[in-house]
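Mapping the sequence shown onto my numbering, position 119 (from 1) lands on 120, and the numbers just tick up by one.
Every residue, glycine too, gets a C-beta built ideally from N, C-alpha and C.
These numbers were taken from a predicted model, which means no experiment stands behind them.
A short write-up of the structure that comes next.
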Amino acid sequence: GEKDTVISLCHFQALEPFLHLKQAMEMVAKNRKGQFLVLLPVQMQTESHQKICIHLNHVNESVVLSSFLEYGNENKSLIRDIVTDKDMFQCIQFQLPRWEPSWGSPKVFATVQVIGATVRFWSRKMVLIKNRSNLIFLQTDKPLYKPGERGMWDSVLWG
């Protein structure tokens, strides 16, 4: 039942996802009753691949798993599946469109629901959004120039 369910939602920094994922999985493994773990970044970048990962452990009934993002004025469905396995780990990849200032504060809400005959889990968390920016790389023919020297250069735009 609901009293036997451990519910966790973990945010992780993009630079250290594997360390935090390992700690979160160890936390879930300590309790052998029905558990849910949702992993998502603290900050998401637009126009690039992002992931949300969902782990169900020791769920002894079929459940409906659904997840969606509230982004600007839209809801984007990430998954809606019937899960019959006792254990499941799945990462869902998606992209967010460029954030428009007219939409207000740059944030998205991630919602995950797991619903079964005796299991009910619902969580909604806010994640900050950062628009992807272009990077200009300037390559010169030598590392340092003295005042007045002329050099050759190349530029590359990543975006």
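Looking only at its chain, what residues have a beta carbon closer than 7 Å to the beta carbon of residue i, apart from the 5 residues adjacent to it on each side?
| i | result |
| --- | --- |
| LEU79 | ILE53, SER68, PHE69, LEU70, ILE93, PHE95 |
Given this structure, state the Cα-to-Cα distance separating residue i from residue j, to the nearest angstrom.
| i | j | result |
| --- | --- | --- |
| GLU101 | LYS108 | 11 Å |
| MET127 | GLY73 | 12 Å |
| TRP123 | VAL115 | 7 Å |
| LEU97 | GLY117 | 30 Å |
| THR119 | ARG125 | 20 Å |
| GLY105 | ARG121 | 32 Å |
| PRO144 | LEU41 | 40 Å |
| ALA111 | ASP86 | 24 Å |
| VAL7 | SER103 | Any reading at VAL7 must be qualified, since the residue scores a pLDDT of 38, below 50, and its modelled position is unreliable; the value itself is stated next. Near 39 Å, if we compare the C-alpha coordinates of SER103 and VAL7. |
Indicate whether residue i and residue j have their beta-carbon atoms separated by less than 9 Å.
| i | j | result |
| --- | --- | --- |
| VAL65 | VAL113 | no |
| ASN132 | ARG81 | no |
| GLY35 | ASN61 | yes |
| ILE130 | GLN46 | yes |
| HIS50 | ASP88 | no |
| ASP142 | GLY149 | no |
| SER63 | VAL43 | no |
Within its chain, find whatever has a CB closer than 6 Å to the CB of residue i; leave out the 5 residues flanking it on each side and keep chain order.
| i | result |
| --- | --- |
| PHE90 | HIS56 |
| VAL29 | Annotation note: pLDDT 49 at VAL29 (below 50); position unreliable, no value reported. |
Can you list, in chain order, the residues of its chain whose CB lies under 8 Å from that of residue i, leaving out five sequence neighbours each side?
| i | result |
| --- | --- |
| TYR146 | GLY152 |
| GLU48 | GLN96, LEU97, PRO98, ARG99, ASN132, ARG133 |
Which ranges does the beta strand (DSSP E) cover as unbroken runs of at least 3 residues, wholly within the region 54-109, from first to last along the chain?
64-72, 75-84, 89-96
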